[in-house]
Amino acid sequence: MCELLAMSANVPTDICFSFSGLMQRGGNTGPHKDGWGITFYEGKGCRSFKDPLPSSQSPIAELVTNYPIKSEAVICHIRQANSGGISLENTHPFTRQMWGRNWTYAHNGQLKNVQVELPVKLHIPVGATDSEHAFCWILDQLHFKYADKEPAATVLFKFIAELSVKINALGVFNVNITNGQYLFAYCANNLHWITRRAPFGKASLIDAEVVINFTEETTENDVVTVIATQPLTDNETWHKMTKGQWHLFCLGESIASGQEVLKIEH
221 MCELLAMSAN VPTDICFSFS GLMQRGGNTG PHKDGWGITF YEGKGCRSFK
271 DPLPSSQSPI AELVTNYPIK SEAVICHIRQ ANSGGISLEN THPFTRQMWG
321 RNWTYAHNGQ LKNVQVELPV KLHIPVGATD SEHAFCWILD QLHFKYADKE
371 PAATVLFKFI AELSVKINAL GVFNVNITNG QYLFAYCANN LHWITRRAPF
421 GKASLIDAEV VINFTEETTE NDVVTVIATQ PLTDNETWHK MTKGQWHLFC
471 LGESIASGQE VLKIEH
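Heads up: the sequence shown is residues 221 to 486, going by the numbering used here.
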């Protein structure tokens, strides 16, 4: 399956270190060779880089690795295709507008029969993936429930967690969603996160011979959370999320969390 990477920080921060490890899994140390993408937020604006080439061989990925774009919210994805062909329109992350913000989404897992089980009316997919279809369905449900009145973040993302449970019933739905201010993560079976804050230390990547001393790159007030399918470093303690667990991050901190599991009626 695919792999996810996301970041939430309280100051504009680059993700070059983490991305340089993840990109190696796109056709080098891992099988996720069917495209990659990353979206950086700057205020309400966002910029995306996508390529259907393997990230380990992509000149655009090399550019992103060496270009320290600083952001408070980032979502990244490397793809192992199972639904939809290898093409730019099927490459995550996907971005749509709602309530005056750009919403960005990336999914890891496989879903069955989404066109029948998750019918969409307003947000029509551009590509042919089960992933984008599920994103469009989520946006439809938000519109039908809240219309033009965006609720408080904790209410909104609790509802998205409930929707994630319904989608997960169709297969596997590990997901990251952000509107540039809040970052939501739902775990179906495999998702890890780590929050780095003072006192900072050194970290070494699993997939590349790269070591960074965060003390030299940060201030004592920085808080940075990184979310990934699998841990990216081998000398830090990552938190493994449990099945049905979700977290809502803002400015690097987890501000809400819960455990949403499918309720089976007898």
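Heads up, the beta-carbon is just placed ideally off N, CA and C, and yes, glycines get one too.
Note that the structure is a prediction, hence the values are computed from the model and not measured.
Rounded to the nearest angstrom, how far is the Cβ of residue i from that of residue j, given a contact under 8 Å?
i, j, result
"Val231", "Phe260", "That belief does not hold up - the Cβ atoms of Val231 and Phe260 are roughly 14 Å apart, past 8 Å."
"Val395", "Asn409", "Not a contact, Cβ separation roughly 12 Å."
"Gly464", "Val334", "With a Cβ gap of about 20 Å, Gly464 and Val334 do not count as contacting."
"Val446", "Ile414", "6 Å"
"Ala448", "Phe434", "Not confirmed; about 16 Å, so no contact."
"Gly478", "Lys378", "7 Å"
Is the CB-CB distance between residue i and residue j below 8 Å?
i, j, result
"Ile397", "Tyr287", "no"
"Ala229", "Leu411", "no"
"Lys264", "Arg316", "no"
"Trp458", "Glu480", "no"
"Glu440", "Ala418", "yes"
"Asp234", "Lys270", "no"
"Ala354", "Ile387", "yes"
"Glu337", "Leu390", "yes"
"Cys222", "Arg299", "yes"
"Trp319", "Glu370", "yes"
Pick out whichever of the options has its Cα sitting closest to the Cα of residue i.
i, options, result
"Leu162", "Thr249, Leu342, Thr233 and Val375", "Residue 162 lies beyond the residue range present for the chain, which begins at 221 and ends at 486; the question has no answer from this structure."
"Leu359", "His343, Lys369 and Thr349", "His343"
"Phe237", "Trp256, Leu224 and Val284", "Val284"
"His297", "Ser278, Tyr406 and Gly257", "Gly257"
"Ala428", "Ser240, Glu223, Gly478 and Thr233", "Ser240"
"Glu309", "Gln300, Glu352 and Pro339", "Glu352"
"Leu225", "Asp454, Ile432, Phe355 and Leu403", "Leu403"
"Ile475", "Val430, Thr453, Ala372 and Cys266", "Ala372"
"Ala348", "Gln361, Leu362 and Leu331", "Leu331"
In the DSSP assignment, what residue or residues form a beta bridge with residue i?
i, result
"Cys356", "The partner list for Cys356 (beta bridge, DSSP) is empty, contrary to what the question assumes."
"Lys466", "Contrary to the premise, residue 466 reads as Trp rather than Lys in this sequence. DSSP output for Trp466 lists Tyr406 and Gly478 as bridge partner(s)."
"Pro322", "Residue identity check: residue 322 is Asn in the sequence provided, not Pro. The partner list for Asn322 (beta bridge, DSSP) reads Gln317."
"Val294", "Met227 and Phe260"
"Asn328", "Asn394"
Ranges of the beta strand (DSSP E) found wholly within the stretch 427-451, counting only runs of at least 3
431-433 and 443-448
Sequence ranges, alpha helix (DSSP H) only - wholly within the stretch 343-422, length at least 4:
350-366 and 373-388
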